[in-house]
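Peer 1:
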Amino acid sequence: MRAQNVLKGTGSGALPPMLEQYVRMRDEVAAQLPHALLLFQVGDFYETFGEDAERTARLLGLALTHKSSRDFSTPMAGIPLRALDSHVERLLGCGVCVAVADQVEEPGSGLMDRRVTQLLTPGTVTEERHLGADENYLAAVATGDGYALALLDVSTGEFRCAAFHTRLALYDELGRCRAREVLLAPELSGNAALLADFQARFPVMLSPASFEEADAHEALRVTLGEVPASLSSGALRRACGAVLGYARVTQQGRLDMVRRVVRFEPGAHMRLPDAAMRALELFQAQSPQGRTLTDVLGQTRTAGGRRRLRAWLRAPLLDELSIRARLDAVEAFTRAPDLRGAVRSLLYRAHDLERLSARVSTRRAAPREVAALARTLDLLPEATDLLGAQGGLLGGVRDRLSALPDVVTRIRAALVDEPPIRVGDGGLIRDGFHAELDELRAAAIGHRAWLADLEVTERQRTGIGSLKVGFNSVFGYYLEVTGAHLGKVPADYRQVATLKDRARFTRPDLREREREIARLEAAASRLEQEVFTELRDSLAAHAEALADAAGALSELDVLAALADVAAEHGWIRPVTSDGPLRLVQARHPVVERSLGGRFVPNDVHLDPARRAVLLTGPNMAGKSTYLRTAALCALLHQIGSFVPADHAELPVYDAVHTRIGASDDLAGGRSTFMVEMSELAAILHGATHASLVILDEIGRGTSTLDGLAIAQAALEHLHAAGAHTLFATHYFELTRLESDLPGLVNLHVAAEEVQLENGAAGSGGLTFYHQVVPGAARQSYGVEVARLAGLPGAVTTRAARLLTALGAQGADTRLTRELATLDLARLTPMQALDLLHRWQREVTGAEAVHDG
30 MRAQNVLKGT GSGALPPMLE QYVRMRDEVA AQLPHALLLF QVGDFYETFG
80 EDAERTARLL GLALTHKSSR DFSTPMAGIP LRALDSHVER LLGCGVCVAV
130 ADQVEEPGSG LMDRRVTQLL TPGTVTEERH LGADENYLAA VATGDGYALA
180 LLDVSTGEFR CAAFHTRLAL YDELGRCRAR EVLLAPELSG NAALLADFQA
230 RFPVMLSPAS FEEADAHEAL RVTLGEVPAS LSSGALRRAC GAVLGYARVT
280 QQGRLDMVRR VVRFEPGAHM RLPDAAMRAL ELFQAQSPQG RTLTDVLGQT
330 RTAGGRRRLR AWLRAPLLDE LSIRARLDAV EAFTRAPDLR GAVRSLLYRA
380 HDLERLSARV STRRAAPREV AALARTLDLL PEATDLLGAQ GGLLGGVRDR
430 LSALPDVVTR IRAALVDEPP IRVGDGGLIR DGFHAELDEL RAAAIGHRAW
480 LADLEVTERQ RTGIGSLKVG FNSVFGYYLE VTGAHLGKVP ADYRQVATLK
530 DRARFTRPDL REREREIARL EAAASRLEQE VFTELRDSLA AHAEALADAA
580 GALSELDVLA ALADVAAEHG WIRPVTSDGP LRLVQARHPV VERSLGGRFV
630 PNDVHLDPAR RAVLLTGPNM AGKSTYLRTA ALCALLHQIG SFVPADHAEL
680 PVYDAVHTRI GASDDLAGGR STFMVEMSEL AAILHGATHA SLVILDEIGR
730 GTSTLDGLAI AQAALEHLHA AGAHTLFATH YFELTRLESD LPGLVNLHVA
780 AEEVQLENGA AGSGGLTFYH QVVPGAARQS YGVEVARLAG LPGAVTTRAA
830 RLLTALGAQG ADTRLTRELA TLDLARLTPM QALDLLHRWQ REVTGAEAVH
880 DG
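Using our numbering, the letters of the sequence shown map in sequence onto residues 30 to 881.
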């Protein structure tokens with residue numbers, strides 16, 4: 030094999046045998062996972078060569094060296110064996126697939142045998158050391174009649190899919206699930222514009238996979254035994270088959286943790302677009318030091334519970350009976366603090382049963398993972414006893430907590446209390462579990478006892494009081510005699526080494542004992558591995574029951590955590606209403622925690638006769654907090670949680686839509702205003718009479734007239750749709766719509782400007798009361814907020830004077846603008862007369878300012 034044809038380097042010679050082996054294995058891996066990086070064990074290092082070495086050195090900041098033979102030299106970069114995990118994590122974080130080739134035989138004189146033992150990609154890792162506590166999804170997207178999405182978490186075996194009619198709905202679901210790795214069908218990856226849009230929205234690793242219908246059928250049949258009838262479209266079958274086929278490659282054929290595919294209907298849960306999740310800060314804070322709703326609710330004691338809580342937050346319920354069942358369970362825990370404390374204390378001792386059951390089902394569980402499984406299963410009878418008198422949802426959880434006593438008994442009987450990390454480390458199987466293993470161990474112990482007594486017996490036999498028995502990896506066991514006693518060495522001693530002041534010897538029987546110990550211990554190690562493998566294989570038969578118990582334990586964890594949060598912070602059970610939203614003294618769950626006892630609660634009231642609120646007031650007064658409070662209370666209600674309020678009546682919303690804050694997508698060619706309008710368009714198309722819509726400062730990214738026109742048109746559209754709407758704005762011109770749109774009410778956040786003694790413009794202070802009260806605000810206090818932000822005094826003083834002058838000069842403009850937006854056909858004569866009177870007063874006031 031000519032070296033330069035297959036591996037980057039210098040020289041015209043052929044590849045040495047080891048590099049030939051590297052190139053062959055690299056190409057075999059690339060046929061399955063293009064662009065994967067092969068880490069090739071050479072002694073105590075994992076090495077890479079050629080272009081892969083340059084890539085590795087660049088990604089990990091390693092020194093680049095060279096591997097040279099007589100006629101060829103190639104770049105080389107390596108990492109120590111002991112540092113493999115940390116470097117693999119960094120590579121996966123960079124979106125790089127990793128293949129690990131280990132030496133599978135002891136070093137000898139020839140080329141060592143190596144085998145790829147791990148294929149690691151961001152979306153298919155299963156080892157706990159590479160996983161976070163949250164879900165780790167691999168996603169696949171295909172098209173057909175709309176779009177199909179398949180989601181697989183290999184670490185737990187969760188496998189689900191859905192069909193979507195629009196790309197926006199698909200993007201929303203992808204935004205919710207936060208897949209670590211995505212497979213795109215050729216019709217998508219081959220479309221340059223669509224691919225660019227996808228990568229701008231989801232900066233995750235995109236990997237190639239087969240989406241052929243025949244391959245999909247085969248992958249489904251091999252994994253699930255059949256092609257499920259629920260996969261009724263070609264797109265769904267292709268997406269599910271692609272994700273299974275790719276995962277089977279990375280798991281090297283082991284997908285036993287996947288037992289079923291669940292098709293979910295996007296309309297079966299509250300629609301929560303990605304923009305809404307970001308605005309409400311469910312999982313990710315908008316500021317570096319900020320907190321999220323998950324941080325507040327995240328009192329779960331297990332990793333499975335944390336994942337289940339996130340799943341509930343991503344998919345709030347629409348079924349009123351299911352909501353009430355969860356609320357009943359949370360209330361039961363809040364009313365029984367001793368029970369709640371006992372359950373949470375028990376859960377604190379539980380391991381990640383979902384991932385442990387998946388590891389067991391694929392026969393990859395390490396000894397300590399099997400021991401952790403036994404410790405967790407040991408808790409289930411106690412949990413069942415604690416829930417013994419409970420009914421409803423908690424009773425159902427109790428019934429699913431299968432104790433599996435035979436599994437625990439077998440593990441306890443087989444494994445020592447503290448097993449080693451790896452199977453080959455020895456000392457894994459408990460004495461008395463396997464008769465043949467006990468015999469091998471006893472024989473080895475007998476020979477070691479003979480060695481332990483040898484030093485004493487030889488000192489007595491030879492009269493050499495300083496004689497020692499030692500061991501090293503070169504000579505094995507030896508007898509060591511100092512130079513002063515060499516004349517006393519018996520004739521049956523054979524010298525094997527000479528040191529400065531002593532010599533080392535061996536004897537035929539010592540060598541025989543050493544060989545017998547090595548043989549017995551090797552046989553015991555092999556048998557121990559076989560016994561453990563049999564034990565692990567027997568556990569795989571219980572995978573279904575283990576997975577069900579794991580799901581029940583996670584659900585129990587979430588319910589107890591929600592109750593704990595409610596009890597600790599004084600949250601109350603909401604009443605599910607048939608239409609009205611009434612929150613009395615409601616609080617933002619996250620902001621309240623940040624401010625301690627200084628949060629100012631507010632009431633929120635929406636019903637069929639009061640469907641929209643127009644909220645005005647200064648910046649920093651709390652308008653956005655008020656909007657988010659209502660939305661978060663609605664969301665908490667529909668996941669089955671108590672809410673932070675003194676009283677709460679909440680309907681079941683089909684969606685929560687939000688447009689809050691400013692953001693851009695410059696890389697995608699979208700300005701702040703374009704992003705705002707895109708999100709507003711999605712809301713206006715998707716909002717129904719059963720939706721909750723919260724909008725903040727619509728239209729501020731363009732000219733005042735354009736923005737005002739868009740804001741009014743959007744508000745009128747939502748009013749006509751009948752959606753519950755909270756609309757915060759600085760466009761005071763909109764407040765007059767209260768008389769035009771039935772069901773629209775003006776509210777404002779109270780604030781007061783305090784003038785200093787000199788009475789100069791802009792010289793006073795601004796007091797925020799954070800209290801929402803009836804009526805429209807009189808002004809925005811923008812200059813005062815600017816002063817609070819630290820603008821120089823000269824700037825704010827000048828701004829205040831300009832504001833006064835501009836207000837006077839702009840009176841006619843404002844009147845013209847308001848006149849242009851009037852719907853004259855809907856004005857009564859009395860309303861028209863009131864408007865004329867108000868305009869006359871404003872014009873008279875403006876003229877007075879000019880005259881002054």
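All residues carry an ideal CB built from backbone N, CA and C; glycine is no exception.
#1: Look at residue 212 and residue 252 and say whether their C-beta atoms are less than 7 Å apart.
#2: Does the separation of the CB atoms of residue 199 and residue 181 fall below 7 Å?
#3: Considering residue 192, what are the terminal residues of the beta strand (DSSP E) in which it resides?
#4: Just verifying my parser: in three-state terms, what is the DSSP assignment at residue 683?
#5: Ordered along the chain, which non-local residues of its own chain (more than five positions away) have a Cβ less than 6 Å from that of residue 126?
#6: Which stretch, first to last residue, makes up the alpha helix (DSSP H) that contains residue 757?
#7: Cβ of residue 819 less than 7 Å from any chain D Cβ?
#8: Three Cβ pairs or more, each shorter than 8 Å: is that satisfied between the stretch 255-268 and the stretch 352-363?
#9: Classify residue 532 as buried or exposed, calling it buried when 16 or more other Cβ atoms lie within 10 Å of its own Cβ.
#10: Taking the straight line between their C-alpha atoms, what separation do you get for residue 762 and residue 742?
#11: Considering only residues of the same chain and omitting the five flanking positions on each side of residue 376, which have a CB-CB separation below 6 Å?
#12: Taking its Cβ as the centre, do 16 or more other Cβ atoms sit within 10 Å of residue 219, making it buried, or is it exposed?
#13: In the DSSP assignment, what residue or residues form a beta bridge with residue 499?
#14: When you compare the CB positions of residue 192 and residue 265, do they come within less than 7 Å of one another, or not?
#15: How would you call residue 529, buried or exposed, if buried means at least 16 neighbouring beta carbons within 10 angstroms?
#16: Going by C-alpha distance, which of 208, 597, 292, 96 is nearest residue 369?
#17: Does the Cβ of residue 153 have 16 or more other Cβ atoms within 10 Å, making it buried, or fewer, making it exposed?
#18: If we count the other Cβ atoms within 10 Å of its Cβ and call it buried at 16 or more, is residue 666 buried or exposed?
#19: Since residue 378 and residue 408 should fall inside the 8 Å C-beta cutoff, what is the C-beta to C-beta distance between them, to a whole number of angstroms?
#20: Can you list, in chain order, the residues of its chain with a C-beta nearer than 8 Å to that of residue 327? Leave out the 5 residues immediately preceding and following it.
#21: Counting beta carbon pairs with one atom in the stretch 34-46 and one in the stretch 94-111, are three or more of them shorter than 8 Å?
#22: Alpha carbon to alpha carbon, how far is residue 498 from residue 483? Give it in angstroms, no decimals.
#23: Please classify residue 877 as buried or exposed, where buried requires at least 16 other C-beta atoms within 10 Å of its C-beta.
#24: According to DSSP, is residue 522 part of a helix, a strand, or is it coil?
#25: Would you check if the distance between the CB atom of residue 455 and the CB atom of residue 554 is smaller than 7 Å?
#26: How would you label residue 631, buried or exposed, when you count the other beta carbons within 10 angstroms and need 16 or more for buried?
#27: If you run the structure through DSSP and keep just helix, strand and coil, what is residue 469?
#28: By how many angstroms is the C-alpha of residue 48 removed from the C-alpha of residue 98?
#29: Residue 350 and residue 602 - do their beta-carbons sit closer together than 7 Å?
#30: Report yes if the CB atom of residue 609 is closer than 7 Å to the CB atom of residue 636, and no otherwise.
#31: Could you give the C-beta distance for residue 746 and residue 713, rounded to a whole number, given that I count them as a contact under 8 Å?
#32: Is it the case that the Cβ atoms of residue 858 and residue 664 are separated by a distance below 7 Å?
#33: What do you reckon, are the CB atoms on residue 155 and residue 184 nearer than 7 Å?
#34: Look at residue 577 and residue 429 and say whether their C-beta atoms are less than 7 Å apart.
#35: Is DSSP giving residue 413 helix, strand or coil here?
#36: When the Cα atoms are used, what is the spatial distance from residue 433 to residue 423?
Peer 2: So, from the listed chains and residues:
#1: In the sequence shown, counting from the first residue as 1, residue 212 sits at position 183. In the sequence shown, counting from the first residue as 1, residue 252 sits at position 223. No, they are not a contact pair.
#2: In the sequence shown, the residue the question calls residue 199 occupies position 170. In the sequence shown, the residue the question calls residue 181 occupies position 152. In this structure, residue 181 does not lie closer than 7 Å to residue 199 by Cβ.
#3: As a first step, residue 192 is located in the sequence shown; it is residue number 163 there, counting from the start. According to the DSSP assignment, residue 192 belongs to the beta strand (DSSP E) that extends over 187-193.
#4: Along the sequence shown, one-based indexing puts residue 683 at 654. Note: residue 683 maps to coil in three-state DSSP.
#5: Here residue 126 refers to the residue found at position 97 of the sequence shown. 62, 65, 150.
#6: Your numbering for residue 757 matches position 728 in the sequence shown. Judged by DSSP secondary structure, residue 757 falls outside any alpha helix (DSSP H) and instead within the beta strand (DSSP E) spanning 753-757.
#7: Absent from the structure: chain D. Only one protein chain is present.
#8: Short answer: they don't touch.
#9: Reading the sequence shown from its first residue, position 503 is the one you call residue 532. Residue 532 should be labelled buried.
#10: Position 733 of the sequence shown, counted from the first residue, corresponds to residue 762. Position 713 of the sequence shown, counted from the first residue, corresponds to residue 742. Approximately 13 Å between the Cα atoms of the pair.
#11: What you label residue 376 is simply residue 347 of the sequence shown in a count that begins at 1. 330, 331, 586, listed in sequence order.
#12: Position 190 of the sequence shown, counted from the first residue, corresponds to residue 219. Answer is exposed; the Cβ neighbour count stays below 16.
#13: Within the sequence shown, residue 499 is the residue found at index 470, counting from 1. According to DSSP, which records beta bridges pairwise, residue 499 is partnered with 507.
#14: As a first step, residue 192 is located in the sequence shown; it is residue number 163 there, counting from the start. As a first step, residue 265 is located in the sequence shown; it is residue number 236 there, counting from the start. Contact flag set, yes.
#15: Here residue 529 refers to the residue found at position 500 of the sequence shown. It counts as exposed.
#16: Along the sequence shown, one-based indexing puts residue 369 at 340. It is 597.
#17: In the sequence shown, the residue the question calls residue 153 occupies position 124. Looking at its Cβ environment, which holds 16 or more other Cβ atoms inside 10 Å, residue 153 is buried.
#18: If you number the sequence shown from 1, residue 666 lands on position 637. By the 10 Å Cβ count, residue 666 comes out buried.
#19: Position 349 of the sequence shown holds residue 378. Position 379 of the sequence shown holds residue 408. Residue 378 to residue 408, Cβ: 6 Å. Contact.
#20: Mapped onto the sequence shown, residue 327 falls at position 298. Here the set comprises 335, 338, 590.
#21: These segments touch.
#22: Reading the sequence shown from its first residue, position 454 is the one you call residue 483. Reading the sequence shown from its first residue, position 469 is the one you call residue 498. The alpha-carbon atoms of residue 483 and residue 498 are separated by roughly 7 Å.
#23: Locating residue 877 in the sequence shown gives position 848, counting from the first residue. For residue 877, the predicted structure reports a pLDDT of 44, less than 50, and the residue's modelled location is therefore unreliable. The matter cannot be settled from this model.
#24: Locating residue 522 in the sequence shown gives position 493, where the first residue counts as 1. Reduced to three states, the DSSP call for residue 522 is coil.
#25: Here residue 455 is taken as the residue at index 426 of the sequence shown, counted from 1. Here residue 554 is taken as the residue at index 525 of the sequence shown, counted from 1. For residue 455 and residue 554, yes; Cβs fall inside 7 Å.
#26: For the purposes of this step, residue 631 is taken as residue 602 along the sequence shown, with counting starting at 1. Answer is buried; the Cβ neighbour count reaches 16.
#27: To locate residue 469, count along the sequence shown from 1; it is residue 440. Residue state, collapsed to three classes: helix.
#28: Working through the sequence shown from its first residue, we reach residue 98 at position 69. Working through the sequence shown from its first residue, we reach residue 48 at position 19. So the alpha carbons of these two residues sit roughly 10 Å apart.
#29: Taking the sequence shown and counting its residues from 1, the one referred to as residue 602 is at position 573. Taking the sequence shown and counting its residues from 1, the one referred to as residue 350 is at position 321. No, they are not a contact pair.
#30: Within the sequence shown, the letter at position 580 stands for residue 609. Within the sequence shown, the letter at position 607 stands for residue 636. The answer is yes: Cβ separation under 7 Å.
#31: For the purposes of this step, residue 746 is taken as residue 717 along the sequence shown, with counting starting at 1. For the purposes of this step, residue 713 is taken as residue 684 along the sequence shown, with counting starting at 1. Indeed, because the Cβ distance is near 6 Å, the residues count as touching under 8 Å.
#32: Your numbering for residue 858 matches position 829 in the sequence shown. Your numbering for residue 664 matches position 635 in the sequence shown. No, Cβ-Cβ distance for residue 858 and residue 664 is not below 7 Å.
#33: As a first step, residue 155 is located in the sequence shown; it is residue number 126 there, counting from the start. As a first step, residue 184 is located in the sequence shown; it is residue number 155 there, counting from the start. The answer is yes: Cβ separation under 7 Å.
#34: As a position in the sequence shown, residue 577 is number 548, starting the count at 1. As a position in the sequence shown, residue 429 is number 400, starting the count at 1. Contact: yes.
#35: Numbered from 1 along the sequence shown, position 384 holds the residue referred to as residue 413. Three-state DSSP puts residue 413 in a helix.
#36: Along the sequence shown, read from residue 1 onward, the residue named residue 433 stands at position 404. Along the sequence shown, read from residue 1 onward, the residue named residue 423 stands at position 394. Their backbone Cα atoms lie some 19 Å apart in a straight line.
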